[in-house]
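Here is the structure we will look at.
Residue numbers (the UniProt record's numbering): 1 to 1169.
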């Protein structure tokens, strides 16, 4: 089985072997089945047609591995570089370091916020808000070449990986030296040097240079400008490539590209190291020499994780960042650092530790960048060019980055040389500054880079919305119009060949605002006050707010009827309310953590958004730290206060486009009235993904730009991943039209929207609806302090602290005013252009034209892609927006609900028992029934009982979103996602009566069962697949064996496994308990012990819980294994392990001395009184 497609197999007594991606593909006599199993990732099954043998996984691999003496070849031929200690003293004086930093393009932010944070803490710095500075090519400030590259990331086509909790599949190991033909097996293939990571210190580089077998060749990377700048860079690169070529032909297996020199010379600037690496990499490929040598960069120009990733992605096997290491040493020895450490203001680290911390941070950052793309090995990333380019011309791309997408053209080689030189000269001018310049790329500051979200902008906006003043809004518009070029749309303007019309003829503002939405900001990242004020404002104007991840308080779903003087006892923390206001979010979000996603939450949604990625950190998960999880937030997210809540990087039920189609089906199943939207982030290739999403039956596709906001993300993710929405939207709109799919979906776009002009530009490029995120927070009071990630927001917008939230200044009316101003601005411009409604301009790229702007760096930007047209949809935008929700077609649930006994039982809370036949085409069965119950009774209110038995093979998502009162039994087998999102009830899966196989040895349900469950019980007689009970909140389960990653990210509930489990058990498990039977002492190495501890079941309450669950299980399933355990309880109890996360250590089930601890606490309380 390759990668992530599921595979199940059966063998019958009449010697047939069946393999299929799911069960129930063909009818089969169950009594003849003698073997039933599943293939996990990378597992194999082999049928030898000559001998009639069937070999399972381990046997196949053993036969291959023993064909040659691979082990001894590796031992004899592979050499590894031993770690060398870091230097313990500085190599340059302060002035020399400063000159080097200036020449090679460091800014004070790079040194203080990036390098020093990494040296002191050993991790990447986090920051908040989004990336609101101009793209490097549009900026007036000089940028290093790396800043023109954005990392690609996986969305939908394959999943991202979690490098923290699934470290066992990740590796940074890299081999140096000649690679031979893998088809010719022999000991010489192992003749290489192995490095444990691509980041070298000076000593380790020295060891490589002393390896005589590699015949290393050092190439100096400088270019000479004595005869003028033009053509000099091109010439130097050609010479460098020829030198590399000659060295490799002479037997060198290692090329070291170095910009180290005794003294820097004003007329010999360094070639950007990325350009040098890329050019040599491409040159050697074109000449058929690339496999004969490795490239290592010895450079001053590399200090952040993104820069390391770029160098590796374009061909370098390893990097020695000598100036960054020297900067760490200088920082550690500076008086300021020494004093901070002495006064206890900063943890004490030695000079060697500072460098080790820096490299540790780089390594974990690299793992994160790999895993965003779903890549687990650095060796697969090396030379893979998983980047997009914004702002380099074709000649540069063809020279060094062949094959990478660069849609908007940009700098020529000479212009790039000029930019490099602008850094270089800083080190040699007479008035060389005594300290590094601060370009203000990360934090907004006077004289620094322009930030779109700046304090002046928020002041002007506050004035306009609070005073409801048209003049003040005009001043705000002028501020935006006079800003420096900041985004691609600033290079365009609107034109029309029509005569202007009176504004009275243009559609009213009230219908324009219905197209507006706000961003998915989670309650947790922003305060309850902000979240509810935004929702109320959007409901007043008929737009849509978004719940963000983390559920929603049901109190917000009913209109207010108790408002006096703007205050309501229902929502006492808000002001400026009116009777009839509702604080519900029309769009309810389903994110990868599934927090707060219950049946009732879903049936009360007008739209449901599947968040695949987020603009500020695409391809990454999130974590709400324990200190932000208040009692209120814990209640909404079905967890305990103070327990950290982790959202995984991928949705574990979306590993492919087919899986996404299944989740869309599940959501349409439980709420057939809600449109389902899928949120993607702009990157090259998004058009193809969007076509798949549209065929997967989504109603809405949302495209987010890279400049979206965030409560907290690593700086490298905010700055270097994702692309501008203008390109993502154009590609999506045009690809959908070319494939005849545009009418099926509404296109929504967001990322840095601030005005009516933004709305018109997006409309012309094809968008039907428009999302506002950061600006909506600003309108409700945000002052752009940029400290969201610290919980110290001065105006209580992005803080959970009560005393700060009390300062929240916003009222819903401010946001209403803002959106009406934007809509009026849209109307005025439409009138000027001669159009009566937005419908008339949507997708009309012919009303856009390039604006005459002179950019500081280049005149070679090419906007053809944004201005091209693939034609118009057959329907108007309003027709597309008003079509019915896409249907799942006829489903088994409708047959069930049509049964008069069942509808009577639901209506009048009675008990009923029924049996139905089920086939694997019946997907998400019981989801629609659960939706009907949840809509009428909520998550816990139903007092009746539906006892429904199914016989056969169930399709995907069987028993999803069950509610209390539903007791579902399946006699047969099931596929993936059983019990997904269930909130209550009971789900029992057992094999048919007479089988030829032993139930406890057979896989009877698929992968990712019980994902995000918030209640209920699951009993499976047999084994389950990968990721059983992933992100389980409160469900209880008993099964007879699981695949890898069991109980991952669990935050509550209880899981009992009466058999073998796979690897990486309990990774990221912060709550709940697991009991695992370990009969042959193999469990200990399989448990991920980062969070949980393992102990025997000693607490009486724990023994009772375990025994009670097994008793219930045996009663429901008739399991022989379970019955044996109960018969011989005294013998089996000591074989169980209990896995306990810190949050459960003091619970009666886990703490053997619970009574004593309780008594002790009581006496402490008494004595305190």
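For glycine and all other residues, C-beta sits at the position ideal for the given N, C-alpha and C.
Same chain, Cβ closer than 7 Å to residue 7, neighbours up to 5 away in sequence not counted: Correct list, in chain order: 1, 19, 21, 38 and 39.
Tell me whether the beta-carbon of residue 289 lies closer than 8 Å to the beta-carbon of residue 245. yes
Roughly how many angstroms separate the alpha carbons of residue 786 and residue 804, rounded to a whole number? 15 Å
Residues that residue 10 bridges to, as DSSP identifies them: 18 and 36
Tell me which same chain residues have a C-beta within less than 6 Å of the C-beta of residue 368, skipping the five on either side of it? 163
Helix, strand or coil for residue 241, going by three-state DSSP, please let me know. helix
Below 8 Å between beta carbons: does that hold for residue 675 and residue 653? no
Would you mind sorting residue 88 into buried or exposed? The rule is 16 or more other CB atoms within 10 Å of its CB. exposed
At the 8 Å Cβ level, is residue 573 part of the contact set with chain B, yes or no? Among the protein chains of the structure shown there is no chain B, as only one such chain exists.
Could you name the residues of the same chain whose beta carbon sits closer than 8 Å to that of residue 807, not counting the 5 residues immediately before and after it, in chain order? If we look at residue 807 and ignore the five residues flanking it on each side, its Cβ neighbours are 794, 795 and 796.
Label residue 1060 either buried or exposed according to how many other C-beta atoms from any shown protein chain fall within 10 Å of its C-beta, with 16 as the threshold for buried. buried
What's the gap between the Cα of residue 823 and the Cα of residue 323? 52 Å
I'd like to know whether the C-beta atoms of residue 1138 and residue 1073 end up nearer to each other than 8 Å. A contact, by the Cβ cut-off of 8 Å.
Quick one: Cα of residue 619 to Cα of residue 419, how far? 32 Å
Relative to the C-alpha of residue 996, which candidate in 14, 800, 16 and 34 has its C-alpha closest? Looking from the CA of residue 996, the closest CA among 14, 800, 16 and 34 belongs to 34.
Closer than 7 Å by C-beta to residue 387: which residues in its own chain qualify, once you throw out the five before and the five after it? Chain order, please. Excluding positions up to five away in sequence, the list reads 149, 150, 151, 152, 310, 313 and 404.
Other residues of its chain near residue 531: CB distance less than 6 Å, five sequence neighbours each side excluded: 523
Residue 728, enclosing beta strand (DSSP E) - first and last residue: From DSSP, residue 728 is part of no beta strand (DSSP E) but of the alpha helix (DSSP H) over 725 to 738.
Run through the region 510 to 548 for me and flag every whole alpha helix (DSSP H) of 4 or more residues, listed as ranges in chain order. 528 to 541
Contact defined as beta carbons within less than 8 Å: I believe residue 1217 pairs with residue 551. What is the distance between those atoms, to the nearest angstrom? This structure leaves residue 1217 out entirely; the chain is present only between 1 and 1169.
What is the DSSP secondary structure of residue 951, reduced to helix, strand or coil? strand
With DSSP as the reference, please indicate the residues paired to residue 1054 in a beta bridge. 1036 and 1073
C-alpha gap between residue 384 and residue 316, whole angstroms: 11 Å
Give a yes or no on whether the C-beta atoms belonging to residue 298 and residue 260 are separated by under 8 Å. yes
Inter-residue CB distance, residue 599 and residue 963 (contact presumed, cutoff 8 Å): 5 Å
If you draw a straight line from the C-alpha of residue 100 to the C-alpha of residue 337, how long is it? Between residue 100 and residue 337, the C-alpha separation is close to 21 Å.
Is the CB-CB distance between residue 1069 and residue 1084 below 8 Å? Result no, Cβ atoms of residue 1069 and residue 1084 do not sit closer than 8 Å.
Residue 1088 classed as buried or exposed, judged by whether at least 16 other C-beta atoms fall within 10 angstroms: buried
Buried versus exposed call for residue 650 [16 or more other C-beta atoms within 10 Å across all chains shown]: By the neighbour-count rule (16 or more Cβ atoms within 10 Å), residue 650 is buried.
Would you kindly work out how many angstroms separate the C-alpha atoms of residue 832 and residue 511, rounded to a whole number? 19 Å
Quick check: the region 832 to 849 against the region 807 to 822, are at least 3 beta-carbon pairs closer than 8 Å? no
Please classify residue 49 as buried or exposed, where buried requires at least 16 other C-beta atoms within 10 Å of its C-beta. Counting Cβ neighbours within 10 Å, residue 49 comes out exposed, since fewer than 16 surround it.
When you compare the CB positions of residue 1126 and residue 1114, do they come within less than 8 Å of one another, or not? yes
Would you list the one or two residues that DSSP bridges to residue 217? 255
Residue 953 and residue 977 - do their beta-carbons sit closer together than 8 Å? Cβ atoms of residue 977 and residue 953: not closer than 8 Å.
Starting from the N-terminal side, write out each stretch of the beta strand (DSSP E) that is 3 residues or longer and does not extend beyond the region 66 to 108. none
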